[in-house]
Structures are given as structure tokens and as C-alpha cells.
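Written below as C-alpha cells is the structure these notes are about.
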Amino acid sequence: MELEDMTNEPWQKIAVYGIEGIYHFFPESSFVPFVAVGVGANRYGLGEGTIHSDINNCA
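This is how it looks when you write it as C-alpha cells:
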């Protein structure tokens with residue numbers, strides 16, 4: 020098996036997803052308490068055309 024790197028394919032694929040929100044209880048007063056909430060996820064892996072993924076696919 021010949022191993023070669025695909026030049027037009029990134030060697031890593033990374034995606035980041037997230038959403039955040041903030042709520043002010045008394046926006047007109049001099050003291051403004053708030054609550055902040057957020058959720059998110061990271062996804063990462065090797066690109067399809069890398070040497071490492073070719074080796075793993077043959078095993």
C-alpha cells in the first residue's frame with residue numbers, strides 16, 4: 020500500500036458550536052444583576068485524505 024498525503028484536504032477538521040445568552044433583571048437601575056448561560060460543543064478529527072486515516076482504515 021502506497022501512502023500519500025492529499026494536498027487539497029486539511030489534515031485536521033475542527034468545528035466549534037455554541038450559543039450564549041444574558042438576562043438583565045433591572046436594566047434601568049444603578050445596580051444591574053444579571054444571569055448568563057451558555058452551551059457549546061467542539062468536534063475535531065483527522066481529514067479524510069491524511070496518512071493517519073489511511074492507515075486506520077486498513078487495520
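Residue numbers (this note's numbering): 20 to 78.
In this text, a Cβ means the ideal position worked out from N, Cα and C, and glycines have one as well.
Next item on the list: Find the nearest neighbour of A60 within the set P46, I38 and K32, judged by alpha-carbon distance.
Entry: Reading the sequence shown from its first residue, position 41 is the one you call residue 60. Looking at the Cα atoms, I38 is the closest of the given residues.
Check: Should V54 and F45 be called a contact, given that it needs their Cβ atoms to be closer than 8 Å?
Finding: Residue numbering aside, residue 54 sits at position 35 when the sequence shown is read from its first letter. Residue numbering aside, residue 45 sits at position 26 when the sequence shown is read from its first letter. No; because the gap between Cβ atoms is not below 8 Å, this pair is not in contact.
Next item on the list: Specify, as a first and last residue, the run of the beta strand (DSSP E) that E39 falls within.
Entry: The residue labelled residue 39 in the question sits at position 20 within the sequence shown. Looking at the DSSP string, the run of the beta strand (DSSP E) that includes E39 is Q31 to H43.
Checklist line | V51 in three-state terms, based on DSSP | finding: Residue numbering aside, residue 51 sits at position 32 when the sequence shown is read from its first letter. V51 falls in the coil class under three-state DSSP.
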